[in-house]
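Report on the following structure.
There are 2 protein chains.
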Amino acid sequence: MLAAVRPDLRARVVDAALDLFSGQGYFNTSVHEIVRAAGVSIGSIYHHFGDKEGIARALHAHLGGRMAQMVEDAVARHDTCREQSRELVARLFAMTEAEPRTMAFLFYARHREFLPDEPPVCSSRPFVLLRELVERGMARGEVRRLDVLVASSSLFGGAFRMIASRLDGIVPEPLPVYLDEVWGCGWRAVAADIPQPSRRRKSA
Amino acid sequence: MLAAVRPDLRARVVDAALDLFSGQGYFNTSVHEIVRAAGVSIGSIYHHFGDKEGIARALHAHLGGRMAQMVEDAVARHDTCREQSRELVARLFAMTEAEPRTMAFLFYARHREFLPDEPPVCSSRPFVLLRELVERGMARGEVRRLDVLVASSSLFGGAFRMIASRLDGIVPEPLPVYLDEVWGCGWRAVAADIPQPSRRRKSA
DNA sequence: GTCTATATCATGATAGAC
DNA sequence: GTCTATCATGATATAGAC
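Note that the protein sequences, when read in sequence, are chains A and B. Position in the first sequence counted from 1, then plus 46, gives you the working numbering. Position in the second sequence counted from 1, then plus 46, gives you the working numbering.
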């Protein structure tokens with residue numbers, strides 16, 4: 047019974063691929079390395095995935111789906127743009143610590159180089175959700191009237207840079223330590239009503 | 047005289063490499079393609095650069111040097127963090143329009159995957175200059191007391207995201223159109239003294 | 001469905017003439 | 001220093017037994 051069906055085979059391959067791709071890059075990883083890491087035969091891989099790109103496609107779809115789900119959950123949990131954006135940054139930070147490989151693959155890899163048919167990252171579902179979140183915030187009057195791209199870039203750009211820096215080993219502490227400061231900065235950037243912490247009055 | 051010295055040979059190779067690497071990625075570009083695009087022989091390339099990585103190293107050093115120079119110029123031209131950061135974003139935006147290939151290669155490529163010995167981008171000279179700029183701003187009292195990484199990420203993160211989005215074709219207008227809004231958001235995020243455009247007084 | 005063994009071929013790199 | 005012709009490696013992908 048050596049040739050029995052292994053229902054977890056696809057999962058094992060995809061998981062090994064995530065490890066290798068996020069660690070050393072797609073092009074520096076050979077299919078034979080994935081074979082070794084996943085403990086399956088190369089024949090099975092090509093049977094299930096068709097070609098090397100197919101592995102990356104399956105991985106990309108899997109992680110992209112999870113990320114979109116996470117964003118939707120976070121948004122659905124609150125009513126205001128302020129709370130939604132904070133929850134989102136908190137989850138992204140937590141996810142970076144819990145699954146750095148996942149975040150590295152999603153945020154960091156140049157998918158266009160090995161998945162030419164995939165739309166650019168910024169057109170993907172999670173990014174669209176971010177822009178919609180910001181648009182609703184503007185409609186509610188929470189967020190200043192700005193170009194939507196500018197507003198979403200400004201609200202989340204700092205957090206994204208912190209994630210990238212953390213993955214690069216530049217940031218010493220776990221990201222949640224910086225949550226208040228980072229989200230606070232992003233929110234001040236776009237909020238219509240600015241919190242006034244320690245502002246000394248100058249004239250009026 | 048066919049074997050004469052061609053002083054521009056290195057430049058032609060590096061320029062062709064920039065085109066190809068930023069267009070389709072380092073790993074999707076063969077040395078033979080560079081040969082064709084640059085109009086030189088493969089022998090000359092290996093004579094001058096040693097190996098394929100050598101081409102990328104030369105390109106990286108060249109563009110990194112130019113970028114560092116540009117940052118230093120922009121900073122030297124002003125005294126306050128406010129002006130320095132605005133000038134910097136303005137130049138980065140202009141550079142993105144004038145030389146998108148350069149910006150794509152510097153900001154966007156995963157150098158670690160093909161230049162394993164190069165330090166991470168965020169440790170490179172230009173990024174260090176950004177952090178120093180922010181630190182001086184804090185010392186002068188222009189910038190709120192924040193973690194330096196958080197502050198520089200928040201001040202420039204929005205601009206970086208706009209550059210990435212523009213290179214991805216998401217942003218319709220040339221970046222300088224958005225300069226005021228983008229820099230304004232970044233500055234509000236970290237400024238100690240917040241400009242109060244249309245804030246209706248609530249209580250005191 | 002899973003496996004081993006093999007085919008094919010493009011790539012990075014070299015040799016050596018001029 | 002520049003070139004052409006060639007090599008050698010290792011990658012993706014396939015064939016076919018079980």
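Every residue gets a Cβ at the ideal spot worked out from N, C-alpha and C, and that includes glycine.
Span of the alpha helix (DSSP H), counted from its first residue to its last, around Thr148 (chain A): Stepping through the first sequence from its first residue, residue 148 (chain A) is reached at position 102. First-last of the alpha helix (DSSP H) with Thr148 (chain A): Pro146 to Tyr154.
Chain B contact for Glu133 (chain A) (CB, 7 Å cutoff): Numbered from its first residue, the first sequence carries residue 133 (chain A) at position 87. No, because no Cβ of chain B sits closer than 7 Å to the Cβ of Glu133 (chain A).
Ala57 (chain B) classed as buried or exposed, judged by whether at least 16 other C-beta atoms fall within 10 angstroms: The sequence position of residue 57 (chain B) within the second sequence is 11, counting from 1. Exposed, since its Cβ has fewer than 16 Cβ neighbours within 10 Å.
Short CB-CB distance (under 7 Å) between Gly71 (chain A) and chain B: In the first sequence, counting from the first residue as 1, residue 71 (chain A) sits at position 25. Yes - at least one Cβ of chain B is within 7 Å of the one on Gly71 (chain A).
Neighbourhood of Ala84 (chain A) by C-beta distance below 7 Å, restricted to the same chain and skipping five residues each side: Within the first sequence, the letter at position 38 stands for residue 84 (chain A). Result list for Ala84 (chain A): Arg58, Val59 and Ala62, in chain order.
Cβ neighbour criterion (16 or more within 10 Å) applied to Ala142 (chain B): As a working mapping, residue 142 (chain B) is identified with position 96 in the second sequence. According to the sequence displayed, residue 142 (chain B) carries Thr and not Ala. Burial call: buried.
Chain A residues whose Cβ lies nearer than 8 Å to that of Pro166 (chain B): Locating residue 166 (chain B) in the second sequence gives position 120, counting from the first residue. Chain A residues near Pro166 (chain B): Asp214, Gly215 and Ile216.
Cβ neighbours of Leu225 (chain A) in the same chain (closer than 7 Å, five flanking residues each side left out): Position 179 of the first sequence, counting from 1, holds the residue named residue 225 (chain A). The answer, listed in chain order, is Val135, Ala136 and Phe139.
Residues of the region 226-242 of chain A with Cβ closer than 9 Å to any Cβ of chain B, in chain order: Glu227, Val228, Gly230, Cys231, Gly232, Trp233, Arg234, Ala235, Val236, Ala237, Ala238, Asp239, Ile240 and Gln242
Gln70 (chain A) to His78 (chain A) span [Cα, whole Å]: Start at 1 with the first residue of the first sequence, and residue 70 (chain A) comes out as number 24. Start at 1 with the first residue of the first sequence, and residue 78 (chain A) comes out as number 32. In a straight line, the C-alpha of Gln70 (chain A) is about 14 Å away from that of His78 (chain A).
Chain-ordered chain B contacts of Phe206 (chain A) [CB-CB under 7 Å]: In the first sequence, counting from the first residue as 1, residue 206 (chain A) sits at position 160. Chain B residues near Phe206 (chain A): Gly203 and Arg207.
Three-state class that DSSP yields for Ala120 (chain B) in the structure shown: Taking the second sequence and counting its residues from 1, one reaches residue 120 (chain B) at position 74. Here Ala120 (chain B) sits in helix by DSSP.
Beta carbon of Val86 (chain A) nearer than 7 Å to that of Leu105 (chain A): Counted from its first residue, the first sequence places residue 86 (chain A) at position 40. Counted from its first residue, the first sequence places residue 105 (chain A) at position 59. No. Outside cutoff.
Whole-angstrom C-beta distance between Gly232 (chain A) and Ala197 (chain B), which should lie under 8 Å: Counting from one through the second sequence, the residue named residue 197 (chain B) turns up at place 151. Counting from one through the first sequence, the residue named residue 232 (chain A) turns up at place 186. About 12 Å separates the two Cβ atoms, so there is no contact after all.
Residues that Glu159 (chain B) contacts on chain A, provided the C-beta gap is smaller than 8 Å: For the purposes of this step, residue 159 (chain B) is taken as residue 113 along the second sequence, with counting starting at 1. Those within 8 Å of Glu159 (chain B) in chain A are Gln70, Gly71, Phe73 and Asn74.
Chain-ordered chain A contacts of Arg156 (chain B) [CB-CB under 8 Å]: Within the second sequence, numbered from 1, the residue matching residue 156 (chain B) stands at position 110. Under the 8 Å cutoff, chain A gives Gly71, Tyr154, Ala155 and Arg156.
Three-state class that DSSP yields for Ala83 (chain A) in the structure shown: On the first sequence, position 37 is the one that residue 83 (chain A) refers to. Helix at Ala83 (chain A).
CA-to-CA distance, Arg128 (chain A) to His108 (chain B), given in whole angstroms: Reading the second sequence from its first residue, position 62 is the one you call residue 108 (chain B). Reading the first sequence from its first residue, position 82 is the one you call residue 128 (chain A). Near 43 Å, if we compare the C-alpha coordinates of Arg128 (chain A) and His108 (chain B).
For Leu64 (chain A), the nearest candidate out of A:Ile101, A:Ile88, A:Gly96 and A:Phe95 (CA to CA): Locating residue 64 (chain A) in the first sequence gives position 18, counting from the first residue. Residue A:Ile101 is the option with its Cα nearest to Leu64 (chain A).
Touch test, the region 204-221 of chain A against the region 170-189 of chain A, Cβ-Cβ under 8 Å, three pairs minimum: no
Short CB-CB distance (under 7 Å) between Val77 (chain A) and chain B: Position 31 of the first sequence, counted from the first residue, corresponds to residue 77 (chain A). No, Val77 (chain A) does not count as interfacial toward chain B.
CB of Leu179 (chain A) within 7 Å of CB of Gln130 (chain A), strictly: Counting from 1 along the first sequence, the entry for residue 179 (chain A) is found at position 133. Counting from 1 along the first sequence, the entry for residue 130 (chain A) is found at position 84. Yes.
Min CB distance Ser170 (chain B) to chain A below 7 Å: Taking the second sequence and counting its residues from 1, one reaches residue 170 (chain B) at position 124. It does not; no Cβ of chain A falls within 7 Å.
Own chain residues within Cβ distance below 7 Å of Arg191 (chain A), not counting five before or after: Against the first sequence, residue 191 (chain A) aligns to sequence position 145. Excluding sequence neighbours, Arg191 (chain A) sits near Met184.
Nonlocal neighbours in the same chain, by C-beta distance under 7 Å from Arg103 (chain A), ignoring five residues either side: One-based indexing of the first sequence puts residue 103 (chain A) at position 57. Once the five neighbours on either side are set aside, the close Cβ partners of Arg103 (chain A) are Leu161.
Closer than 7 Å to chain A by CB, Leu176 (chain B): Start at 1 with the first residue of the second sequence, and residue 176 (chain B) comes out as number 130. Not one chain A Cβ lies under 7 Å of Leu176 (chain B).
Continuous alpha helix (DSSP H) stretch holding Val236 (chain A): start and end: Position 190 of the first sequence, counting from 1, holds the residue named residue 236 (chain A). Looking at the DSSP string, the run of the alpha helix (DSSP H) that includes Val236 (chain A) is Leu225 to Val236.
Buried/exposed call for Ala50 (chain B), threshold 16 Cβ in 10 Å: Along the second sequence, one-based indexing puts residue 50 (chain B) at 4. Result: exposed.
Interface partners of Tyr224 (chain A) on chain B, CB under 7 Å: Taking the first residue of the first sequence as position 1, residue 224 (chain A) is located at position 178. Neighbours of Tyr224 (chain A) on chain B, chain order: Asp193 and Val196.
Range of the contiguous alpha helix (DSSP H) that encloses Pro162 (chain B): As a working mapping, residue 162 (chain B) is identified with position 116 in the second sequence. Neither: Pro162 (chain B) is in no alpha helix (DSSP H) and is coded neither H nor E.
CA nearest to the CA of Arg182 (chain A), picked from A:Val223, A:Arg147, A:Ala122 and A:Arg156: What you label residue 182 (chain A) is simply residue 136 of the first sequence in a count that begins at 1. Looking at the Cα atoms, A:Ala122 is the closest of the given residues.
Assumed close pair Ser68 (chain A), Ala150 (chain A) - CB separation to whole angstroms, cut-off 8 Å: Indexing the first sequence from 1 puts residue 68 (chain A) at position 22. Indexing the first sequence from 1 puts residue 150 (chain A) at position 104. Confirmed, about 4 Å.
Simplified DSSP state of Val189 (chain B), which is helix, strand or coil: For the purposes of this step, residue 189 (chain B) is taken as residue 143 along the second sequence, with counting starting at 1. It is a strand residue.
Whole-angstrom distance between Thr148 (chain B) and Glu159 (chain B), CA atom to CA atom: In the second sequence, counting from the first residue as 1, residue 159 (chain B) sits at position 113. In the second sequence, counting from the first residue as 1, residue 148 (chain B) sits at position 102. For Glu159 (chain B) and Thr148 (chain B), the distance between alpha carbons rounds to 18 Å.
Which listed residue (B:Asp193, B:Gly230 and B:Asp214) has its alpha carbon closest to that of Glu227 (chain A): Counting from 1 along the first sequence, the entry for residue 227 (chain A) is found at position 181. Comparing Cα positions, the closest option is B:Asp193.
Within chain B, the residues that Ser87 (chain A) reaches when beta carbons sit closer than 7 Å: For the purposes of this step, residue 87 (chain A) is taken as the residue at position 41 of the first sequence. Within chain B, no residue comes near Ser87 (chain A); the closest Cβ sits about 26 Å away, beyond 7 Å.
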